[in-house]
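In the numbering used here, the protein residues as written are 4 to 219. In what follows, a single structure is set out as structure tokens and then discussed.
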């Protein structure tokens, strides 16, 4: 049994359904990214389902495209299904421009995601090409890491991401990257401990200072 509702209300329902589906998709991507970053930050392969999903998504451009097409089909099917169940075909035809607008907006989001994956894959190929040509891979990785560390916040986050991603692989390049990253982690840990030890001494020396004498 179909319920006839005004076209204006159907428009809001379509937009609401589209936003809900979009939110669920973005939530899956963000949760997968968080789990994946946690895994590679500890230099381990993706372990959980969402982490493996995110790894699959960013591994190849065609995977990101396939995911986008699947999402677009689910979005359109969901909108049409909900509209058909709660209204009539004629009312659905009246809201067709809204359906097209929602589809185009979601398509823009998909294209942006594919472009990000393309940048990551291009950066990965760039790093792999550089390390494959290097005779001493550990030294080459150390040079890359040192340059990124010196650049600070201006350094390429994509390059850091690629290095940690490659470090999880059991290949000569992966082992070399893992060795340098572990070495860097130990250095940072020593600096942090030294800073903690120096802080009480600094506070004590500052506390021993007498009252300042001002000369007019």
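For glycine and all other residues, C-beta sits at the position ideal for the given N, C-alpha and C.
Report task. Taking all protein chains shown into account, decide if residue 123 is buried (16 or more other Cβ within 10 angstroms of its Cβ) or exposed. Result -> buried
*Tell me where the alpha helix (DSSP H) around residue 58 begins and ends.*
52-62
(message) Looking at residue 21: is its Cβ nearer than 8 Å to the Cβ of residue 82?
(response) yes
Q. Taking one C-beta from the segment 161-181 and one from the segment 38-49 each time, how about it: are there three or more such pairs within less than 8 Å?
A. yes
Check: If you run the structure through DSSP and keep just helix, strand and coil, what is residue 168?
Finding: helix
Residues near residue 140 by beta carbon distance below 7 Å, same chain, minus five either side
134, 175, 176 and 179
Given 8 Å as the limit, is there contact between the segment 71-80 and the segment 102-117, that is, 3 or more CB pairs closer than that?
-> yes
- Task: Output yes or no for whether 8 Å exceeds the beta carbon distance between residue 35 and residue 53.
- Result: yes
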